Each structure stands twice: as C-alpha cells, then as structure tokens.
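See structure below.
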Amino acid sequence: MAIDLAALNNSHRLLFAISLKPLLGHRFQPTGFPGLGASTFRTSEGDSLLVESAQSMANRLEMMVWDEAEQDVKQALRGLSHVRIERSDSSFLTDTILESHRLNSPYLLAESSKKFLVMLKEALGVSTAGPIDRRKLARVLLNFDVGCLLHGVFLARPELAGGRLRVARSLSAFIEADGVEIAASGGVKNDHVNPQGDTKVGFGNVPFARDEFTADRLTLYVNLDLAQIRGFGLDEAAQRLLILLALYKLRALLDAGPRLRTACDLAVASEHVAAINPVNFLLPTMAEIEPELKEAIAACSPLMEVRKAIYGDEIVPKRDAQTEAETED
15 MAIDLAALNN SHRLLFAISL KPLLGHRFQP TGFPGLGAST FRTSEGDSLL
65 VESAQSMANR LEMMVWDEAE QDVKQALRGL SHVRIERSDS SFLTDTILES
115 HRLNSPYLLA ESSKKFLVML KEALGVSTAG PIDRRKLARV LLNFDVGCLL
165 HGVFLARPEL AGGRLRVARS LSAFIEADGV EIAASGGVKN DHVNPQGDTK
215 VGFGNVPFAR DEFTADRLTL YVNLDLAQIR GFGLDEAAQR LLILLALYKL
265 RALLDAGPRL RTACDLAVAS EHVAAINPVN FLLPTMAEIE PELKEAIAAC
315 SPLMEVRKAI YGDEIVPKRD AQTEAETED
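Residue numbers (my numbering): 15 to 343.
Written as structure tokens, this is what we have:
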C-alpha cells in the first residue's frame, strides 16, 4: 500500500516529539561548545539541557543517505542530485552531501578555475540587483543538490546575486533533556613508562574531571516545514520526493539509533513513532518508505543531475603570521 501523504495536506508543519533513552545505563554526554561547555537552561519545569543542536542534527540527517564505504549515495537512492568533488587525478575528495554548507562549499565556489561557479551562476541567471525568483532558485537547487531544499543553503558568494540566495531548513531537528542532573565522574590518563613526565608534551599521568548527565526525559524534536516545501513552487512529484526523503532520513536515523558520541548512545523509547501534528500521522517503516522513495526519485529523474567537479588547487593549512615571517627570513 502506498504511503498516504494526504493526511499532511491541511498541515503547515509535520511535527514529532520522539522520546529517547540511553541505550545502556542512565548517563549520557551532551554536546559541548567552546568557552561554554554543556548548554544548560532553565524552564518552568526545572533544569534542561541541549543534547544535540539543530546544526549537528542537520549534518547527521544528511548522512543518512550516504554510503561511507562506497563514498557515494546509498545504492537504493542513486539518482538523487548532488555534486561529487574529485581531485585532478579523479580521486574522491568530498561531496556536497558531506559539506556543511552543501553547494556553498569552498571546494566548489572558491576553486581557482571558477568553472563550477560560472556554471551555477549561468543556471541561476540572476544579477546582483532586482528581486530573486525563488521558484527558479528552488528548481536549480533541486537539479544540483536536492539536499539544499531540505537542509538549507546560503550561497554567500557575491557573484551569485550579491550573496542574497538563501533557503532556510525545511527539515530541522534537535534533542533536549528535561529534569537533568549532573553525574560527575573523572579518570586519569596513565603513563606507565614515565608517570612524572612533562604533561605539556604528552608524558606523565594526567587526572581529569568529567561531567555527564542524567535526565527525566530525553526528546528528539523534528519539524518538517510543509508550507515551505509547497512554497518552492515545484510540481507534486517533486514535493512528494522531498517529503519522502525527509521521512527516510528520520526513519534511518531512528532505526540506526542516534549514536551521537561514545558516551551518548541513544535509542527510541517506543516502537511506534507518532507525530504530534497532525496527530493521526505515523512515521512509516523503512520497508514502507524505501520503495516509494525509489519511485519518487525515478519520477523526478529529469529534474535532477549527479555532477562531478574538479578541485585542482593545492590543499595547504593556513599558516600564522609568525610562521610566514620566519619563512620569508
């Protein structure tokens, strides 16, 4: 039986609040931020915690279509548009699916030959002044990299309409914990050869403190912006493709188990995953989604291309001013 998406026709958003739990034990390690550490905050119900940010979840969902061993889109999903970036010797370098900003990757747009930048500019056909044709932008993004329509993109290069081409995320997610308590612990890095060695250069015993957390509730919140997908002005086949692709990514993430870090391995708390809006919508199983998504990809194949681009520039680390001065001397 075909997945009935008609239940979504009268909804602007498809929303999930999915209960999670640690796979083993009670503790988990949240994401941390430089200079901040764990992101804790207070609500009317008590102390809460950001376990995984929207930015990180976007990257994790994007990876659900990627086969790391093959360095390509999973076999069942071949035909989805994306750009494969290779070196001059045809060896694999990266892909827009792997790049944090997708088509705005510097390995595409900052490459010295400008071949891809010129091609994308010609496809967009936009100038630095005047209104942006959002429907044309959506068609071009569907053709070059469908992931941009789900996970967003900001084409910041001034050559591309003065850096005004933006698409917000249609699919967003984050994980929060409520009723949290710190589970303090620690350990030591042992040096059995030279326990009193210079720790600044990696020798010696190094004790450390570690904060993990427990929580009354762990929740994965997911928001699929159906209104934005409809607003792209694409035909019904393309809209169906985007919705099925979003459902596939969510289901694949849940089935694999959200293993965010070594000490943050989570599992779905219940067998069936129901939306909170609309309330009668159940997340289909992978066995239901995959064949329909393959059909949707085939139906939209004239609208999508898989491209290859070459990054021929030398890859060198950024050197600081002191190093550059020493080299000149």
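In this text, a Cβ means the ideal position worked out from N, Cα and C, and glycines have one as well.
Note that the structure is a prediction, hence the values are computed from the model and not measured.
Residue burial is scored here from C-beta neighbours: H26 has fewer than 16 other C-beta atoms within 10 angstroms and is therefore classed as exposed. Secondary structure at G51: strand, using DSSP grouped into helix, strand and coil. The Cβ-Cβ distance between A281 and Q242 does not fall below 8 Å. Taking a C-beta distance under 8 Å as the contact criterion, L234 and I32 qualify as a contact pair. Cβ neighbours of R321 within its own chain (closer than 6 Å, five residues either side excluded): V97.
Here the C-alpha atom of L151 lies approximately 27 Å from the C-alpha atom of A20. E100 is bridged by DSSP to F106 and I324. Counting along the chain, R180 sits inside no alpha helix (DSSP H); it lies in the beta strand (DSSP E) bounded by residues L179 to V181. Taking the Cα positions, R273 is about 20 Å away from T299. Per the DSSP secondary-structure output, I32 pairs in a beta bridge with L234.
Taking C-beta atoms as the reference points, A229 and L63 count as a pair closer than 8 Å. C-alpha of Q89 to C-alpha of L238: approximately 25 Å in a straight line.
When secondary structure is reduced to three states using DSSP, I196 falls in the strand class. Rounded to the nearest angstrom, the Cβ distance from V236 to F30 is 4 Å, consistent with a contact under 8 Å.
Here L94 has V79, V87, V160, I311 and M318 as same chain residues with Cβ atoms under 7 Å from its own Cβ, once five neighbours each way along the sequence are excluded.
If you look at C278, you'll find it in the beta strand (DSSP E) that goes C278 to V282. Beyond the five residues adjoining it in sequence on each side, L34 comes within less than 8 Å, by CB distance, of I189, L232, T233, L234, P272, L280, A281, V282 and A283 in the same chain, given in chain order.
R41 is positioned such that its CB atom lies closer than 8 Å to that of A197. Going by C-alpha positions, V65 is about 14 Å away from T276. Between the C-alpha atoms of L307 and L134 there is a straight-line separation of about 27 Å. DSSP places R224 inside the beta strand (DSSP E), whose first and last residues are V220 to T228.
CA-CA distance, L261 to H115, rounds to 21 Å. With 16 or more other CB atoms across the displayed protein chains lying within 10 angstroms of its CB, I111 is buried.
Here E190 carries a strand assignment [DSSP, helix/strand/coil].
For the pair of segments examined, the segment 117-129 was found to touch the segment 326-333: the number of CB pairs separated by less than 8 Å reaches three. Burial is judged here by how many other beta carbons sit within 10 angstroms of a residue's own beta carbon; D109 has at least 16 and is buried. Contact between P221 and G200 holds: their C-beta atoms lie close to 7 Å from each other, under 8 Å.
In terms of Cα proximity to G176, the closest of H165, Q43 and P145 is P145. Residue range K129 to L138 is occupied by the alpha helix (DSSP H) that includes F130.
For L138, same chain residues with a beta-carbon under 6 Å away, outside a window of 5 residues either side, are V154 in chain order. Within the segment 56-102, the runs of beta strand (DSSP E) that reach at least 3 residues and sit entirely inside it are, in chain order, 60-66 and 96-100. Taken through DSSP and simplified to helix, strand or coil, F42 comes out as strand. Taking 8 Å as the cut-off, the beta carbon of H165 is found no closer than this to the beta carbon of L179.
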